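> Just passing along the structure, written as structure tokens.
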DNA sequence: CAACGTCGCGCC
DNA sequence: AAACGGCGCGAGGTTG
């Protein structure tokens, strides 16, 4: 059919799924030659994702659709746009899905964030011009170019379009009212009213800064329990009607509200961690009387892949920010200039009346977002697990994050200052020494000559000319290793790069060896000495660090598998092995009269594989080892520590299972092979990589894989069959606790992307589940600390039981020496305690015993391993009373 | 010169 | 042709 525009002679292509009326019109941008030839728009390879999504959705929903393109020719001819209008006029679709940003911005001109399409993506909006609803989504090409998991955005947009036909609306209202509380009695009556209402309460605070512990003031607290009216409680603000006496009454009222008897079914926050820092600091409330709900966490739980798209969102307004969450649900309030988050740091100087409306909005909006999120969970068939995550899990998560960030990791400043002082630092001395060795190398001297000629045109040197060779500079590396030393570059692009492979291959070349040492030690200095010194500096640093010399990293929950991230600085990559790390570790020292306790789950992910897959032999391995350990703990005299180590080594046992030999006959090499293999398998490594890793040829790696399949059939079946079948079918995997990881990449055509999704699926459940258990266990411990009255704000910091760091499967504490007796209880909490808890609350039965390794000491360089026995405990105690 | 993407490497 | 999961950070280099 030809376009009926006289000026234009292009082909009109339109594909109809049915001759009935059209529900959904999908509009692509520019057709290809093939599209036109076949009369089938969006028929190319990159549209597979769209078409696969339609196929899958057809299985669940009944709907009709048409596919067309905005332009009718392979070039952008303006005249053709009229043709699209005619199509819309003719078919009167109930909703238009705009495939790509250009289509969306053409059809829906009312776009606020023009440069950030992902803020519009998936939001159903009403178009006056076409008198229909519009929804935008990314294109397949965009998914291919960016992240395969973004393919889900296309699927979700289509699903939302379909749900729209059924009258399902995820958007929230712009309408709300607000009230400023002006007397204590008024507050009392509002709080009593809320306490006696079975509803959730949206909570928000306005503060003077983003600090967590120090140099911070709460300006106001907002509450809303119906999604319509927000109450603003003025707090410490010049414009507040409350006297100091009033404030202490208000504090009592609030403490009672959050901890006393209540009918409230949950508190809804946006970024609960921040507001809980405020409530913890001001009111000392950490354990609440109702679940803590976080709209930010919920949004992540509903689509964790947004966390990988941060670059496509405005600075300071990420994918999970309140502005984004509300905007994506059609809330336009925050677009008003007065509501702009950027102005919020000035609130302390502006009368409350002027900003109360916007402050109130935060509590109202989160309430409504929660409703919208529940609706979404329902349509993902996820509501039951979602509520477990949102209500039960998140309460623990938030508590842990608040407590850890509040406590902070102690630093011995004397040691740190010494390490950073070039005159006395032993660490800097090593760096100087390596630099000297470099400059004495004949080869480096040749490089310096070359550099000098390059830069000055002359190779003459004066006495005292500084060394020109910079080991970090790529050009200098190139000169030294390729030009002078003539080492064959190992990179496929023919360029020298000082990576792991290069350093291993040429480890016998003197300069390469120096380089390796230099890189390592330099990293220790910049990453831990310089970095932390900066944080502790009163000019460049942060008050939450320098006020009490504790490191307060930010912990975030947005790692796609469910692990925590830590940043500023990253406490999870603090050095743990290798030369010279002692310098850095020595500064992590417990404060006076306290000790550090480090708790690691023992081979947690391998154990996770066992208890998630219910592999018999692997599980038995762990059970047997547990029994041996218990016997030893009861009476350490029955065997030596070495014997115990031998008998309770999971990798030795795996090797014994793989190779069919007794544990005590397993060689070092066999153990290493089994270990590397199991980890490789859990990461989804192929035979080639495993072979590479084991330093064997592929045949042997395949042999070990066969042994794995033969001897651990349930584990192999779980990883390679059950998990992948489930995720290809459902496009997600789900952990026993109810955490999902979406693997939208299966919407791609079969190929390497599917292989990637296979790996994500196999790994995510185990990785996430182990991390979740660690977090829950830590939270349970904090609960107990508070029951015993040893928590922060219950006693002075010098006597408080602190939780100071969390690294995926380990938890670190700083405890008063007097509480040393609690060590066995801590161990129990992280093993039996958490096992019982998840059985009760999540119906998750961990059938094998969990085990932890525990170390205690004054500082991280002087830790003593506890073998679980009473004897060893008293030995450590004795050692620690000496320091 | 600031912002950005890439690399290499630290941790589990 | 081959492909190892999850991260943060500092380095040099490129870009506008």
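In my numbering, the protein residues as written are 2 to 884. By construction, the Cβ of each residue, glycine as well, lies at the ideal position given by its N, Cα and C atoms. Note that the structure is a prediction, hence the values are computed from the model and not measured.
Answer yes if the stretch 788-797 comes into contact with the stretch 758-773, meaning at least three C-beta pairs across the two stretches below 8 Å, and no otherwise.
With the cut-off at 8 Å, the stretch 758-773 and the stretch 788-797 do not touch.
> On the premise that residue 230 lies in contact with residue 196, defined as a C-beta separation below 8 Å, what is that separation, rounded to the nearest angstrom?
As a working mapping, residue 196 is identified with position 195 in the first chain. As a working mapping, residue 230 is identified with position 229 in the first chain. Not really, about 16 Å apart at Cβ, beyond 8 Å.
> Just to confirm the assignment, what range does the beta strand (DSSP E) spanning residue 220 have?
The residue you call residue 220 lines up with position 219 of the first chain. Element bounds for residue 220: 219-225.
> Output the residue ranges of the beta strand (DSSP E) runs that lie fully inside the stretch 593-640 and measure 3 residues or longer, sorted by chain position.
Counting only runs of 3 or more, we get 595-602.
> Relative to the alpha-carbon of residue 330, which residue among 280, 107, 372 has its alpha-carbon at the smallest distance?
Sequence index remark: in the first chain, residue 330 carries index 329 (1-based). Residue 330 has its Cα closest to that of 372, out of 280, 107, 372.
> Could I get the ranges of all uninterrupted alpha helix (DSSP H) runs contained in the stretch 666-727, with 4 residues as the minimum, in chain order?
The qualifying runs are 669-683, 688-695, 699-712, 714-718.
> Which value, in whole angstroms, describes the spacing of the CA atoms of residue 521 and residue 71?
As a first step, residue 521 is located in the first chain; it is residue number 520 there, counting from the start. As a first step, residue 71 is located in the first chain; it is residue number 70 there, counting from the start. Roughly 56 Å between the two C-alpha positions.
> Helix or strand or just coil, what does DSSP make of residue 100?
Numbered from 1 along the first chain, position 99 holds the residue referred to as residue 100. Reduced to three states, the DSSP call for residue 100 is strand.
> Where are the alpha helix (DSSP H) runs, 4 residues long or more, that stay fully inside the stretch 166-246, in chain order?
Counting only runs of 4 or more, we get 185-196.
> Could you compute how far the alpha carbon of residue 916 sits from the alpha carbon of residue 881?
What the structure shows of the chain is the stretch from 2 to 884, and residue 916 is not part of that stretch, so it cannot be assessed.
> Ignoring anything shorter than 4 residues, give me the alpha helix (DSSP H) runs that lie fully in the stretch 535-586, in order along the chain.
Whole alpha helix (DSSP H) segments, 4+ residues: 544-547, 582-586.
> Just checking my contact of residue 68 with residue 16 at CB under 8 Å: how many whole Å lie between their CB atoms?
Numbered from 1 along the first chain, position 67 holds the residue referred to as residue 68. Numbered from 1 along the first chain, position 15 holds the residue referred to as residue 16. Rounded, the Cβ-Cβ distance is 4 Å, consistent with contact.
> Assuming contact is defined by CB atoms lying nearer than 9 Å, are residue 207 and residue 190 in contact in what I supplied?
To locate residue 207, count along the first chain from 1; it is residue 206. To locate residue 190, count along the first chain from 1; it is residue 189. In this structure, residue 190 does not lie closer than 9 Å to residue 207 by Cβ.
> Hey, residue 848 and residue 612: beta-carbon distance below 9 Å or not?
The residue labelled residue 848 in the question sits at position 847 within the first chain. The residue labelled residue 612 in the question sits at position 611 within the first chain. The answer is yes: Cβ separation under 9 Å.
> Assuming residue 217 and residue 282 form a contact by the criterion Cβ under 8 Å, report the distance between their Cβ atoms to the nearest whole angstrom.
Counted from its first residue, the first chain places residue 217 at position 216. Counted from its first residue, the first chain places residue 282 at position 281. At roughly 7 Å, the Cβ-Cβ gap stays under 8 Å, so residue 217 and residue 282 are in contact.
> Let's test the definition: count the other Cβ atoms within 10 Å of the Cβ of residue 662 and tell me whether it reaches 16, buried, or not, exposed.
Against the first chain, residue 662 aligns to sequence position 661. Classification for residue 662: exposed.
> Taking one C-beta from the stretch 817-827 and one from the stretch 751-760 each time, how about it: are there three or more such pairs within less than 8 Å?
Judged by Cβ distances under 8 Å, the stretch 817-827 makes no contact with the stretch 751-760, as fewer than three pairs qualify.
> Cα-Cα, which of 105, 147, 536 is closest to residue 135?
As a working mapping, residue 135 is identified with position 134 in the first chain. Of the candidates 105, 147, 536, the one whose C-alpha sits nearest the C-alpha of residue 135 is 105.
> Start and end of the alpha helix (DSSP H) containing residue 391?
Locating residue 391 in the first chain gives position 390, counting from the first residue. Looking at the DSSP string, residue 391 is not in any alpha helix (DSSP H), and its letter there is neither H nor E.
> Taking all protein chains shown into account, decide if residue 139 is buried (16 or more other Cβ within 10 angstroms of its Cβ) or exposed.
Here residue 139 refers to the residue found at position 138 when the first chain is read from its first residue. Answer is buried; the Cβ neighbour count reaches 16.
> Around the C-beta of residue 707, are 16 or more other C-beta atoms found within 10 angstroms, so that it is buried, or is it exposed?
Indexing the first chain from 1 puts residue 707 at position 706. Burial call: exposed.
> If you draw a straight line from the C-alpha of residue 607 to the C-alpha of residue 525, how long is it?
Indexing the first chain from 1 puts residue 607 at position 606. Indexing the first chain from 1 puts residue 525 at position 524. Going by the C-alpha atoms only, they are around 30 Å apart.
> Is it buried or exposed, residue 425, if we count other Cβ atoms within 10 angstroms and call 16 or more buried?
Mapped onto the first chain, residue 425 falls at position 424. That one is exposed.
> Do you know whose CA, among 311, 839, 63, 470, lies nearest residue 167's CA?
The residue you call residue 167 lines up with position 166 of the first chain. The option with the nearest alpha carbon to residue 167 is 63.
> Can you give, in chain order, each stretch of the alpha helix (DSSP H) that sits fully within the stretch 235-301 and has at least 4 residues?
For the stretch 235-301, whole alpha helix (DSSP H) runs of length 4 or above, ordered along the chain, are 245-260, 273-284.
> Rounded to the nearest angstrom, how far is the Cβ of residue 627 from that of residue 850, given a contact under 8 Å?
Translated into the one-based positions of the first chain, residue 627 becomes position 626. Translated into the one-based positions of the first chain, residue 850 becomes position 849. About 4 Å; that satisfies the 8 Å criterion.
> How many Å lie between residue 856 and residue 878 at the Cα?
Position 855 of the first chain, counted from the start, is the residue given in the question as residue 856. Position 877 of the first chain, counted from the start, is the residue given in the question as residue 878. Computed Cα separation, rounded: 12 Å.
> Just tell me which of 779, 157, 415, 128 has its CA closest to the CA of residue 57.
What you label residue 57 is simply residue 56 of the first chain in a count that begins at 1. Considering only alpha carbons, the answer is 157.
> Helix, strand or coil: how does DSSP classify residue 806 here?
In the first chain, the residue the question calls residue 806 occupies position 805. Strand.
> Please state whether DSSP places residue 337 in a helix, a strand or coil.
Here residue 337 refers to the residue found at position 336 when the first chain is read from its first residue. Residue 337 falls in the coil class under three-state DSSP.
> Using the three-state DSSP reduction, which class does residue 385 fall into: helix, strand or coil?
The residue given as residue 385 occupies position 384 in the first chain. The answer is helix: DSSP assigns residue 385 an H, G or I state.
> Please name the residue in 241, 659, 48, 21 whose C-alpha comes closest to that of residue 30.
Your numbering for residue 30 matches position 29 in the first chain. Comparing Cα positions, the closest option is 48.
> Tell me which residues share the same chain as residue 180 and place their Cβ nearer than 8 Å to its Cβ, disregarding the 5 neighbours each side in the sequence.
Position 179 of the first chain holds residue 180. So the qualifying residues of the chain are 230, 231, 232, 233, 361.
> Return yes when the C-beta of residue 666 is under 8 Å from any heavy atom of the ligand NAP, and no when it is not.
No copy of the ligand NAP appears in this structure; indeed no ligand is present at all.
> Looking at the secondary structure, which residues open and close the beta strand (DSSP E) in which residue 811 lies?
One-based indexing of the first chain puts residue 811 at position 810. Where residue 811 is concerned, the enclosing beta strand (DSSP E) stretches over 811-817.
> Between which two residues does the beta strand (DSSP E) carrying residue 740 extend?
As a first step, residue 740 is located in the first chain; it is residue number 739 there, counting from the start. Note, residue 740: premise wrong, no beta strand (DSSP E); not H, not E.
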